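Residues 8 to 108 (this note's numbering) make up the sequence shown, in order. C-beta atoms are modelled at their ideal positions from N, C-alpha and C, and glycine is treated no differently. Just so you know, these numbers come straight off a predicted model, no measurement behind them. Here's the structure we're looking at; comments come further down.
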Amino acid sequence: MVTGLRRHKVIRTWRLRKSLQMIVRKCYVLRSLKYIIANVVDRNNGRIVAIASTVEHSIKGSLECGRSCNAKTAAVVGEVLAMRLKVDGLNRGKEEAFTQT
Numbered sequence: 008m009v010t011g012l013r014r015h016k017v018i019r020t021w022r023l024r025k026s027l028q029m030i031v032r033k034c035y036v037l038r039s040l041k042y043i044i045a046n047v048v049d050r051n052n053g054r055i056v057a058i059a060s061t062v063e064h065s066i067k068g069s070l071e072c073g074r075s076c077n078a079k080t081a082a083v084v085g086e087v088l089a090m091r092l093k094v095d096g097l098n099r100g101k102e103e104a105f106t107q108t
């Protein structure tokens with residue numbers, strides 16, 4: 008249970024986010040011995056916005072060195088995730104523009 012000044016800070020943050028309708032997104036990265044999985048979660052409604060993983064055939068096929076180069080693999084997964092977020096943002100912007108008019 009939150010008490011004292013911490014409670015007031017939580018309430019103030021909640022009011023601010025509610026008034027601004029902020030989109031709070033967080034990136035989660037899971038690294039196992041075989042795979043790297045990265046996803047971005049919208050924390051307001053708890054849904055996954057974009058995901059990229061070395062499990063996918065397209066990413067796995069583009070890597071020449073297999074599992075031995077973890078830094079290169081992580082960079083590729085990050086680039087794919089950023090590209091998917093960018094495309095998702097562009098598509099979402101177009102949908103909102105069409106629904107408003």
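(1) Please list the terminal residues of the continuous alpha helix (DSSP H) segment that includes S69.
(2) Could you give the DSSP three-state label for V47: helix, strand or coil?
(3) Just reading off the beta strand (DSSP E) that S60 is part of, what are its end residues?
(4) Judging by CA-CA distance, which residue of K33, R22, V17, V84 is the nearest neighbour of V56?
(5) Would you kindly work out how many angstroms separate the C-alpha atoms of S65 and V87, rounded to a whole number?
(6) Could you give the DSSP three-state label for V83: helix, strand or coil?
(7) Let me know the secondary structure DSSP gives F105 once reduced to three states.
(8) On the DSSP bridge assignment, give the partners of L37 in chain order.
(9) Let me check one thing: in DSSP terms, what residues is R32 bridge-paired to?
Taking the coordinates as given:
(1) 64-69
(2) strand
(3) 54-60
(4) K33
(5) 10 Å
(6) helix
(7) Confidence in F105 is poor, its pLDDT being 41 and thus under 50, which makes the residue's placement unreliable; the coordinate value appears in the next sentence. Of the three classes helix, strand and coil, the one that applies to F105 here is helix, per DSSP.
(8) I44
(9) D49
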